[in-house]
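First up is the structure itself, then whatever we jot down about it.
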Amino acid sequence: MGERWWQWLRHPRLDSLPIGPTARPSLTELAQQFKTDKWGLHRYTPHYEHHFGPWRDRRFTMLEIGIGGYARKRGGASLRMWKAFFGDAQIVGLDIEDKSSVEEHRIRTYQGSQTDPAVLERILADQGEISIIVDDGSHRPAHVRETFARLFPRLAPEGLYAIEDIQTSYWPAWGGSADLHDPATSMALVKDLLDGLHHEEFPFLDEGYEPTYTDLHVQAVHAYHNLVIIEKGSNREGTNSTRTPRLRPGAPPARPVAEQRAPYRHQP
1 MGERWWQWLR HPRLDSLPIG PTARPSLTEL AQQFKTDKWG LHRYTPHYEH
51 HFGPWRDRRF TMLEIGIGGY ARKRGGASLR MWKAFFGDAQ IVGLDIEDKS
101 SVEEHRIRTY QGSQTDPAVL ERILADQGEI SIIVDDGSHR PAHVRETFAR
151 LFPRLAPEGL YAIEDIQTSY WPAWGGSADL HDPATSMALV KDLLDGLHHE
201 EFPFLDEGYE PTYTDLHVQA VHAYHNLVII EKGSNREGTN STRTPRLRPG
251 APPARPVAEQ RAPYRHQP
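Okay, so the sequence shown: first residue is 1 according to the UniProt record's numbering, each after it adds one.
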């Protein structure tokens with residue numbers, strides 16, 4: 001692909017998109033215009049528009065991990081898509097390669113590993129509160145889990161955290177596992193978050209259970225094909241149970257909930 005093609009990607013013509021005082025292109029239309037694989041190779045943009053749509057006119061900071069393009073001077077299509085979709089947001093990208101060439105007004109890039117605490121702290125110090133995070137980085141489960149553990153507690157209240165390409169949980173070559181019950185995969189993280197959504201039911205099984213940070217602050221987990229979107233918020237609705245469940249006669253005593261969840265833990 002020649003340099004002219006890449007220059008077009010940076011500044012594509014938008015005259016084919018809807019026009020008028022109220023007409024605005026959908027995220028899928030923008031993905032097609034900017035040539036990002038969030039639509040086409042994947043089908044992420046309708047889900048993103050559903051969850052991110054209420055943020056479209058807000059002023060906030062978004063972080064996308066993974067700028068794409070592989071070569072140093074390539075990539076940035078999704079950053080420009082987000083910039084076009086969110087009219088007043090600061091768009092920040094992190095990549096293992098130097099992608100400073102894609103910077104422009106409201107787009108800032110950082111170079112480094114998504115699991116490097118110093119890099120993540122620098123971004124947070126520079127950019128302040130981040131409201132939306134999209135992990136489109138290495139897709140290796142160990143990296144996904146560590147990044148989530150470090151960044152989710154720093155995500156703004158009511159923020160959104162997306163993990164893309166979670167299918168690598170099932171790909172051993174990418175650090176995943178052929179064992180569906182392997183506790184070290186990205187999908188295991190998601191399953192544990194789902195358990196945590198119901199932590200207020202755990203005392204009926206284990207009176208000594210102490211809720212974790214994610215138990216208390218993950219309000220919803222939305223799972224789609226290869227994509228998970230996690231909502232941050234207060235998860236303290238209480239329980240409507242009025243009776244303590246009884247074990248079936250002859251059933252072995254249940255292990256403490258914290259012990260059962262220990263292999264899946266994602267806190268640093």
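For every residue, glycine included, the Cβ atom is placed at its ideal position computed from N, Cα and C. Only a predicted model underlies this, so the values are computations on that prediction, with no experimental measurement involved.
Do the CB positions of residue i and residue j come within less than 7 Å of each other?
{"i": "Q114", "j": "H143", "result": "yes"}
{"i": "Q90", "j": "R106", "result": "yes"}
{"i": "H139", "j": "T168", "result": "yes"}
{"i": "V102", "j": "G76", "result": "yes"}
{"i": "residue 269", "j": "F52", "result": "With the chain represented from 1 up to 268, any question about residue 269 goes unanswered, as that position is not in the structure."}
{"i": "L189", "j": "R145", "result": "yes"}
{"i": "L30", "j": "F86", "result": "no"}
Just mark residue i as buried or exposed, buried being the case when its beta carbon has 16 or more other beta carbons within 10 Å.
{"i": "D179", "result": "exposed"}
{"i": "Q7", "result": "Annotation note: pLDDT 49 at Q7 (below 50); position unreliable, no value reported."}
{"i": "Y44", "result": "buried"}
{"i": "D57", "result": "exposed"}
{"i": "R236", "result": "exposed"}
{"i": "S234", "result": "exposed"}
{"i": "A262", "result": "exposed"}
{"i": "A173", "result": "exposed"}
{"i": "H47", "result": "buried"}
{"i": "L27", "result": "buried"}
{"i": "Y213", "result": "exposed"}
Distance check for residue j and residue i, CA to CA, integer angstroms please.
{"i": "G196", "j": "I123", "result": "29 Å"}
{"i": "R154", "j": "M62", "result": "13 Å"}
{"i": "V134", "j": "E164", "result": "7 Å"}
{"i": "E104", "j": "E200", "result": "46 Å"}
{"i": "E64", "j": "T239", "result": "36 Å"}
{"i": "Q260", "j": "P183", "result": "11 Å"}
{"i": "P268", "j": "D215", "result": "In this prediction, P268 has a pLDDT of 44, which is less than 50 and means its spatial position is unreliable; what the coordinates show is noted afterwards. So the two alpha carbons sit approximately 15 Å from each other."}
{"i": "I229", "j": "P117", "result": "23 Å"}
{"i": "G137", "j": "D95", "result": "7 Å"}
{"i": "P54", "j": "E97", "result": "32 Å"}
{"i": "A220", "j": "H181", "result": "22 Å"}
{"i": "E49", "j": "V92", "result": "19 Å"}
Which whole-angstrom value describes the C-beta separation of residue i and residue j, a residue pair presumed to lie in contact below a C-beta threshold of 8 Å?
{"i": "G208", "j": "P157", "result": "With 8 Å as the limit, G208 and P157 do not qualify as a contact, their Cβ atoms being about 29 Å apart."}
{"i": "G159", "j": "K83", "result": "With a Cβ gap of about 19 Å, G159 and K83 do not count as contacting."}
{"i": "L227", "j": "I166", "result": "7 Å"}
For residue i, would you say it is in contact with chain C, using Cβ-to-Cβ distances shorter than 7 Å as the test?
{"i": "Q111", "result": "The chain labelled as chain C is not found in the depicted structure, where only one protein chain is given."}
For the ligand PLP, is there any heavy atom lying closer than 6 Å to the beta carbon of residue i?
{"i": "I229", "result": "The ligand content of the structure shown is nil, which means the ligand PLP is not present either."}
Which residue spans inside the stretch 143-215 form an unbroken beta strand (DSSP E) run of at least 3?
155-164
Check: What are the uninterrupted segments assigned as beta strand (DSSP E) that are 3 or more residues long and contained completely in the stretch 57-112, given in chain order?
Finding: If we require 3 residues or more, the beta strand (DSSP E) runs fully inside the stretch 57-112 come out as 61-65, 90-95 and 107-111.
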